[in-house]
Structure formats: C-alpha cells, structure tokens
Amino acid sequence: MLEINGHPLEQATIKDVIRDRAARFGDREFAVIEGERLTYREADERANRVANALAGLGVEKGDVVVTYMYNSVDHVVAWFACAKLGAVWAPVNIALINLDLAYTLTDAGPRVALIDAELWDNFAQVREQVDVPGLIPVVRGAIDDRSVPAFASLLEGADGEPEADVLPSDPAGIIYTGGSTGLPKGVVVANLWYFPALVRYDEMFGVRPDDVHMGVGQMCHAIGSAVDVLCPFYYGLKTVMTKWFSASRFWDIAFEHRTTIVGVLIGPLMVALDNQPPRDDEADNPVRIASSGSGQVPRDRIESFKRRFGVDLLEIYGQTETGPLGAVGQRLDDLPYHSLGRPHGWCEVRVVDEHDQPCAPGVEGEITLRCTVPYSFMVGYHNKPDKFAEACRNLWFHSGDVGHLDENGYLHFGGRLSHSIRRRGENISALEVESAVLLHEAIAECAVVGVEADLGEEDVKVFVQLEPDAALEPGDLIRFLEERIAYFKVPRYVEFIDTMPRSATKNEIERFKLRERGVGDAWDRELAGFSVRRRV
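The working numbering applies: residue 8 is where the sequence shown begins, and numbers increase by one.
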C-alpha cells in the first residue's frame, strides 16, 4: 500500500478510484452541471463505454486524447475514460483560438480530439495548420459535417472495464499553462499528482458526509478537474458546476443545492462576488468554507468578503507544476491567518536571491519549492525538456513569483518576477502576446506588461512603437488581436511610445520602467466601450 505524507492510500490511480467509488456509492448523485445529472454508477459505466470506443479508434495506453470542451457531464466522462485506458488526457482551454489553438493541438499531438459543437468552427479554422498525422476529431453535438464521428456514438461502446495496466507513476494528464516565457507549456502529471489534493481537501475543509461541493473552475485547469471533480468524487459528495463562472448566479446556485464547500475562489472571482448588489439572505448562505488564491487582493478586501458572507477563506499557494489545491496553504488552526500558509509536509519552501541563496526572514526573493512526496510535482514539460531543466535548476522548482517567509515559516506573496501576467485566474505569457502584436505590419516594436487591475491581480497593457510613417488606431489593434489569441490575453490598455527604454549593457527593453508607468494615459478599451468577443 502506498503512503503520501503519512496518509495510506487504498487506491493510487484515478482508474481504481473511479471503480471503487462507483461500487461504494452506486446511484448516489455525483455531479450536476448545467441541469445534467450523473450518478457514481453512471460515471463509471459511461467512462467504460467511452474508453472502449476510444480503444476502437486506436487509442492505447500512453496516447494523448485532447478535450476542447466546456464543463459538462460528458467532459467528466471523457476524462474518466482516458484514466480507464491509461491514455493521457490533455484538456485544452476553451478560450483558445487561431494561433493559440493550432500551436497547442500540434504540441499535444493527440490521437483523438473531443470537441464541443459550439467550438467546432474554431477547430475547423486551424485544422490544416495542426501538424498531427492521423488525428481523429470527434464532435459533441450537431454540426453540418456528418463525416465527423459523434461523441454520442462513443457512449454506445462496449460495456465492461477496459484491460489496461495503469500504474501510479504513469502519465495521466497534460495541463497547459501560460508560463512565464514563450508559448504555453504542457505540464505532464502522473496519476499520483492528483492524490495529494484528495488528502489536502479533507485537511483543509474537514469533509462532512452531508457536504455539497460547488465548483468555480474550468476543467482545463487543475482547479476544475482535480478540485471540483475528483476531490468530491473521492469523498462521495455531490459537486455542482456551471459552464463558466457567473457572479450574478453564484448565490442562487449555492442556495438551490445547499452547497457548503467552494473549490478555489481566486482573487478576481472573490472580488466579483463582493461587487454584487447586497441581497437580504446573503449572510445566511449555506457555504461554510472555501479555499482562495488571493495573494494580490488587498487584505481589507478579503476580510470584508469574509464578514459579509460569513465564509471561512483558506489561502493556498502553488502552481500547476506543484500540484492542485496548493502545495502551501492554510488550515483553520494556522496562524498568522493573513499569510499564504505553510507546506504542512507536502513540500519544502525556500525564498532565494538571484544566486539561489536563501533570503533571511522578511526579505523578499523568488519563491522556490521542492517536492517531498514522489510524483506530487510535475513529471516534466511536454516536448520541452530544456524548459523543465530551467524551471527546476538546482533541484528546486522556480516559481517566478516574489515573496518572503516570516520568522515563523509562513509564506507571503509579493508579486511576479518573470514576464508573466496573472489576469483573472489565467497565466499569460507577455512574450506570447507580443508575438501576436508584432504580426501587425504597422508595428515595429512592442512590450507587454501587467498593471494593477480593479478586480485584483493584473490587466494587460501593451506599449507600441510604430513603423516610420505608419498609423494605427488602438481599436484596430484590438480587432486584429481578438482574431488571433484568446480573449483573456487581449490587452485592455494600449499606449503608443516613441522609443522603448533599454538597458545600457544588453540593450534589452526595461520592462520594470514600463510597469512603473502603470495605466497612465493609455487608451482603455473598457472605457471606450470596446468589448472583446469570446470566440467560444
């Protein structure tokens, strides 16, 4: 029997958890997603059928299966089917279009791609650009092209558990993250990567038999899959999810289902809820506890939220690379309560200077983490061993975040060190946005930085230097970009600049000087009433 951080595991693969919980909880309701319902037994049986059908399409253990799908019951079943086969599940962000989508699909190299009909046009637009020989697309829902296999046909696959010898150390997923440099990186995770979240879920929330979970994440992220789906499944709870987060619907859903636990309320979601008009029953809501990644939200705003809604918020810290539900986090009995918490045996944390030497308590540096539980951190970056070596230099994962440890060993967040922007829960590579901006013929140079946002975290600002004699309106640049990159990456602010500030030694753009300028007199697309289309 395996053990993680002092906790014995009866199962050590997702496949075994699905089979065991289906036998244990049977017809108990497991998931409610936009009105569709799924029991524990149905989750197991449908996953078996889809897994066997995927095997009929040639999917074998170790093959990649992409899902380009909204949160749905079928999406959960598709993931569980991959786990049954030992296939590597690669959920793609539903916001990706054009350049983003073509790159990510090519990088993942899937055998099969499962695609929602609402997203089919996005896929069809880049199909010829995706360099994956033999890729089989399968569509969920109705499209005009009747030659494409239907997801519904997968549910007619043979019944019975697929024959696949899946090991705890086998790769189970590729989760794409914006990263800090270049194009998105696929974080390869093993089956065991999910299991610390299962234990931490009970450590943090103190699971009760009558708890109901409410998910606020997308399944393409660790929050939506590991925290909002697998954790409740492990404990026999019901989970309630929506197609995407809605601040205006949040409390209505919570009251309707009597939800008691909320997965991870990242800072912008928490602020969005706090910005909603008061309601008479808000203090009597059923939610008792939630985790929160709100390192960049002012402390008084966090305390105001807790008082207003009567919800305990436990801070967590981590990245996809270091496992779901925070390798570092608070517990109800942790003090001081205004920190990001401690590792609680799940990892080592060190704040270091530019030479990777430890900083004294209270001194800011880069946050680095080292795994203490095998396979609880990533296995590597898909197709990018050089990036993995860079991120894990000196045998410590370098987060790209700034922070400090206090004299009691509690972690405090200070901001971002790298060329990465954190906007409403999404990591955005500045260099990736810049690559798209530079495709415009009127632009000679550009620099993308993060500036303080109204909802916490950051908004995207681009500084643009035009070609000689060229002219460009900010709105035209936004229209150009919304056709090429995900909506959440499109800059809010545009500022034209004559020359970029550069260092004397390397002639590099001094981004810190641009960040110091803040919003300034930049054109603001939101004030201009310019709405970026969600191409989903």
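Ideal Cβ positions, reconstructed from N, Cα and C, are used throughout, including at glycine.
Could you tell me the boundaries of the alpha helix (DSSP H) in which residue i lies?
i	result
W86	V80 to L92
I143	Not the alpha helix (DSSP H): I143 falls in the beta strand (DSSP E), residues I143 to R147.
I273	Where I273 is concerned, there is no enclosing alpha helix (DSSP H), given that its DSSP letter is neither H nor E.
A29	I21 to F32
F240	C238 to Y241
F158	F158 to L161
D128	W127 to V133
H389	First-last for H389: undefined, no H or E at that position.
Y77	Per DSSP, Y77 belongs to no alpha helix (DSSP H) and is neither H nor E.
Let me make sure I understand the geometry here. Which of the options has the alpha-carbon closest to that of residue i?
i	options	result
N129	I516, E489 and F519	E489
T379	G387, P350 and N292	P350
R26	I260, M277, E210 and K91	K91
L126	L402, L108 and V139	L108
P98	A88, S79 and V72	V72
V80	E474, N105 and L162	L162
D288	F316, D307 and R308	F316
A529	L64, D461 and V471	V471
L521	N78, Y500 and A131	Y500
L190	L484, S436 and V456	S436
Q326	E263, T184, N282 and V444	T184
A88	D151, G116, Q132 and E170	E170
A535	E523, R524, A477 and P481	P481
A334	E414, D363 and M385	M385
R48	I101, D70 and D166	D166
S461	K394, E322, R53 and A279	Reading the sequence as shown, one finds Asp at residue 461 and not Ser. Answer by Cα proximity: A279.
V359	W353, Y344 and T375	T375
G222	I181, N78 and G243	N78
T506	I181, A451, E465 and E441	A451
In or out: residue i buried (at least 16 other Cβ within 10 Å) or exposed?
i	result
P498	buried
G348	buried
R286	exposed
A290	exposed
P175	buried
L445	exposed
G330	buried
S255	exposed
A367	exposed
P117	buried
Q364	exposed
G410	buried
H389	buried
L45	buried
Can you tell me the Cα-Cα spacing of residue i and residue j, whole angstroms?
i	j	result
D324	H405	A quick correction: the sequence has Tyr, not Asp, at residue 324. Near 14 Å, if we compare the C-alpha coordinates of H405 and Y324.
I143	I273	35 Å
L402	W86	32 Å
E10	T111	35 Å
E533	V539	9 Å
G186	E355	For G186, the pLDDT reaches just 49, beneath the cut-off of 50, and the residue's location in the model is therefore unreliable, although a value from the coordinates is still provided. If you take the alpha carbons of G186 and E355, they lie about 21 Å apart.
V3	T74	With the chain covering only 8 through 543, there is no way to say anything about residue 3.
K1	E474	Since the first residue of the chain shown is 8 and the last is 543, residue 1 is not available in this structure.
L121	R491	22 Å
Y382	A197	6 Å
V146	V271	30 Å
R429	G369	24 Å
L106	D483	18 Å
W258	N292	8 Å
V214	V206	10 Å
A449	D476	9 Å
E41	R308	30 Å
G300	H14	25 Å
P156	I101	20 Å
E310	L16	37 Å
Since I believe residue j is in contact with residue i (beta carbons under 8 Å), could you give me their beta-carbon distance rounded to a whole number of angstroms?
i	j	result
E517	P508	4 Å
A29	A50	7 Å
L103	A396	Between A396 and L103 the Cβ distance is about 27 Å, and since that is not below 8 Å, they are no contact.
K606	V39	Nothing about residue 606 can be reported from this structure: the residues present for the chain run from 8 to 543 only.
G164	V57	6 Å
L276	F252	6 Å
V83	V236	6 Å
T266	H220	7 Å
D319	I296	5 Å
Which residues bound the beta strand (DSSP E) around residue i?
i	result
T249	Neither: T249 is in no beta strand (DSSP E) and is coded neither H nor E.
K192	K192 to A197
G410	F404 to L412
R44	E43 to T46
T113	Not the beta strand (DSSP E): T113 falls in the alpha helix (DSSP H), residues N105 to A115.
D123	V119 to D123
L9	L9 to I11
H14	H14 to L16
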